[in-house]
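At position 398 of the sequence shown (counting the first as 1) the number is 398 in full-length UniProt numbering, and the numbers step up by one without a gap. From the three backbone atoms N, C-alpha and C, an ideal C-beta is built for every residue, glycine too. The structure appears right after this line, and notes come after that.
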Amino acid sequence: MAKVKPPVAKNETIELEFVDLTHEGSGVGKINGYPLFVPYGLPGEKAKVKVVKVKKNFGFGKLLKVLDQSPERIEPPCDVFYQCGGCQIQHMSYKMQLDVKQKQVQDAMRKIGHLEEVPVHPTIGMEDPWRYRNKVQIPVKGVEGRLETGFYKKRSHDIINMDTCPITDEQNDRMVEAVRRIAEDAGITPYDEDKHRGILRHIMVRNGKETNEIMVVLVTRTDKLPQQEKIVEEIRKAYPNVKSIMQNVNPERTNVILGKKTKLLWGEEYIHDSIGDTQFAISAKSFYQVNPEQTKTLYDKALEYADLSGNETVVDAYCGIGTISLFLAQKAKKVYGVEIVPEAVDDAKKNAKLNHIDNAEFYVGAAEKVMDWWKAQGLRPDVIVVDPPRKGCDETLLKAMLDMQPKRIVYVSCNPSTLARDLNILAEGGYETKQVQPVDMFPQTSHVECVAQIELNL
Ligand code: SAH
């Protein structure tokens, strides 16, 4: 085959019209069919673009100037939006964000899942899509002998210093700054990634939206935290609603934030929050949804799709601290939850007691292994709920579900691609996806969450 030369060269400046959008929110323009991906370009816009990378079949550009602006383009409210790696789509109107997310799920269903007919509903958004995050994990770095906190620049470990993050709960935002100052005054050294020296790696703050309880976690390289008592005292003085001050020790050279060991410095080992009428205790290492307002919407949808009458046996796989399980237990005969993080399972058991729920049992283990074991024990659930991490369900788990033949499966997913892949496998096993509901859990970012209802074809 003749070698086709790309129609553009690196560093060339061109005029480009955007015709599509990638899942990460980049504009896609085409030059004689050759696609160029340009961050922050919007469909329908014409722009001046500098070509920054040329590959055989596609290239990348930098947006220099928008010549013909989309009516959906807005001025991003955050000062560091274009530098920070946290948000990707603040430059889109909220309506457009919701539409784009629905389309992303539809595309995944069609292209990856080969499910042409599945209805994908309009994304359920927030009334006020800002200040929703109940948790921050901020890296700490040393700059000219001082501690600096901020967010990572896109694709780098350089820190952008920022005063406020507009998607983070305001109190948590201020709290990080207070803890940074207190640690600095106490002479705590910042962690140096290159030399693997220094003490403080991250500051994590999580709050309960309904209870206003706060947990602070100091993630350190060393087990010893100098001036520990002074630090605790100062944090408590600054924020009397702090209920838990923890230290997590992470001695490894790694990008993973939390290490294995967590120590209580002061207060309780967990904080509380509630979603609807159900209360939860949450410890430092447990997963808890970051957008509590939308979590209620998501769980209500999952419950609606489970369509329980009160007589069912239900399995909740990847159950975390038992949030969905306890919602389900109030409408089912019996719920079995499984989760891989032991601390989360301890929380789940505690949470069942806290809510006087005695028809939910929780197990520690890999969902795929425990599900197989349940199958061997003869467990035949009527409904199975799964809520896996981004990589989706393990094939063994999908196979075990097919063998167990529940009448319904509810799939909660934070990644439309793996959701579509798994729905296709379930379809081959006789399970039809009835509907998919995207819920905007992460406004201003390109992440999409959805719930799918799947039924056994009889
Ligand atoms: N349903 C919960 C948690 C969802 S997040 C909620 O809504 O809060 C996904 C969870 O899966 C996390 O708690 C993670 O620790 C857990 N997990 C990851 N891999 C797993 C596996 N192989 N088996 C069981 N749980 C797993």
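For residue i, which of the options has the nearest alpha-carbon?
{"i": "L303", "options": "D387, R421 and N32", "result": "D387"}
{"i": "A366", "options": "R380, V383 and T396", "result": "T396"}
{"i": "H272", "options": "L265, F280 and W266", "result": "F280"}
{"i": "K50", "options": "Y40, E268, V66 and I14", "result": "I14"}
{"i": "R146", "options": "P139, D107 and G187", "result": "G187"}
{"i": "V52", "options": "P39, P43 and K46", "result": "P39"}
{"i": "N134", "options": "K399, T418, M175 and P292", "result": "P292"}
{"i": "A77", "options": "G337, F362, C87 and Q69", "result": "As written in the sequence, residue 77 is Pro, which differs from the Ala given in the question. The residue with the shortest Cα to Cα distance from P77 is C87."}
{"i": "D173", "options": "A183, T254, I138 and E148", "result": "I138"}
{"i": "R221", "options": "P240, I257 and N241", "result": "I257"}
{"i": "P129", "options": "C84, V120, Y94 and K48", "result": "Y94"}
{"i": "P119", "options": "P443, Q444, S446 and V436", "result": "V436"}
{"i": "Q90", "options": "Q106, G25, E432 and E449", "result": "G25"}
{"i": "E361", "options": "L398, G276, A348 and W373", "result": "A348"}
{"i": "C450", "options": "D192, G267 and Q294", "result": "Q294"}
{"i": "T418", "options": "L398, Q377 and L402", "result": "L398"}
{"i": "G33", "options": "P7, N255, P43 and A47", "result": "P7"}
{"i": "V205", "options": "K237, K243, V4 and E233", "result": "K243"}
{"i": "M109", "options": "A427, T211 and G41", "result": "A427"}
{"i": "K301", "options": "P438, L67 and I112", "result": "P438"}
{"i": "E144", "options": "I112, E184 and P166", "result": "E184"}
{"i": "K65", "options": "G59, K46, N57 and F81", "result": "K46"}
{"i": "E193", "options": "Q171, V140 and R155", "result": "V140"}
{"i": "V448", "options": "D79, V54, L67 and T123", "result": "T123"}
{"i": "E210", "options": "V232, N241, I231 and I199", "result": "N241"}
{"i": "E432", "options": "P35, C414, P416 and Q405", "result": "Q405"}
{"i": "G320", "options": "L328, V105 and A344", "result": "A344"}
{"i": "R253", "options": "K350, G198 and A238", "result": "G198"}
{"i": "V385", "options": "M371, Q228 and S274", "result": "M371"}
{"i": "K263", "options": "V364, A284 and N255", "result": "A284"}
For my contact list, residue i and residue j are in at a C-beta cut-off of 8 angstroms; report their separation, rounded to the angstrom.
{"i": "H114", "j": "N424", "result": "6 angstroms"}
{"i": "V315", "j": "A332", "result": "Between A332 and V315 the Cβ distance is about 10 angstroms, and since that is not below 8 angstroms, they are no contact."}
{"i": "L326", "j": "M441", "result": "Not really, about 19 angstroms apart at Cβ, beyond 8 angstroms."}
{"i": "I235", "j": "V179", "result": "6 angstroms"}
{"i": "V335", "j": "S286", "result": "At roughly 18 angstroms, the Cβ-Cβ gap does not stay under 8 angstroms, so V335 and S286 are not in contact."}
{"i": "H196", "j": "V219", "result": "The pair is not a contact, with the Cβ atoms about 14 angstroms apart (cut-off 8 angstroms)."}
{"i": "Q247", "j": "L265", "result": "5 angstroms"}
{"i": "G259", "j": "P190", "result": "Actually they are not in contact, since the Cβ atoms of G259 and P190 sit about 17 angstroms apart, beyond 8 angstroms."}
{"i": "K296", "j": "G322", "result": "The Cβ separation is near 16 angstroms, so there is no contact."}
{"i": "V338", "j": "A317", "result": "5 angstroms"}
{"i": "G29", "j": "E12", "result": "G29 to E12, Cβ: 13 angstroms. No contact."}
{"i": "V383", "j": "A306", "result": "5 angstroms"}
{"i": "I167", "j": "R131", "result": "7 angstroms"}
{"i": "D20", "j": "P43", "result": "6 angstroms"}
{"i": "K5", "j": "C84", "result": "Contact doesn't hold; Cβ gap of about 36 angstroms is too wide."}
Would you list the one or two residues that DSSP bridges to residue i?
{"i": "K334", "result": "T313"}
{"i": "M92", "result": "R73"}
{"i": "D192", "result": "R197"}
{"i": "I275", "result": "T278"}
{"i": "E339", "result": "V364"}
{"i": "residue 491", "result": "No information on residue 491 is available, as it lies outside the stretch 1 to 458 that the chain covers here."}
{"i": "S283", "result": "Y270"}
{"i": "A47", "result": "L16 and V66"}
{"i": "E455", "result": "R408 and E432"}
{"i": "T179", "result": "Sequence check: residue 179 is Val here, not Thr. None; V179 has no bridge partner."}
{"i": "C84", "result": "K153"}
{"i": "F60", "result": "F37 and K53"}
{"i": "T168", "result": "R133"}
Output yes if chain B places a C-beta closer than 9 angstroms to the C-beta of residue i; else output no.
{"i": "A452", "result": "The chain labelled as chain B is not found in the depicted structure, where only one protein chain is given."}
Margin query: In chain order, what are the residue ranges of uninterrupted beta strand (DSSP E) at least 3 long that sit wholly in the segment 90-166?
Written below: 135-143, 146-152 and 159-161
Checklist line | In chain order, each beta strand (DSSP E) run of at least 3 residues that lies wholly inside the segment 21-45 | finding: 26-31 and 34-39
Check: Which ranges would you report for the alpha helix (DSSP H) in the segment 197-275 if only whole runs of at least 4 residues count?
Finding: 228-238
Note to self: At 4 residues or longer, what runs of the alpha helix (DSSP H) sit wholly inside the segment 366-433?
What the structure shows: 367-377, 395-404 and 416-428
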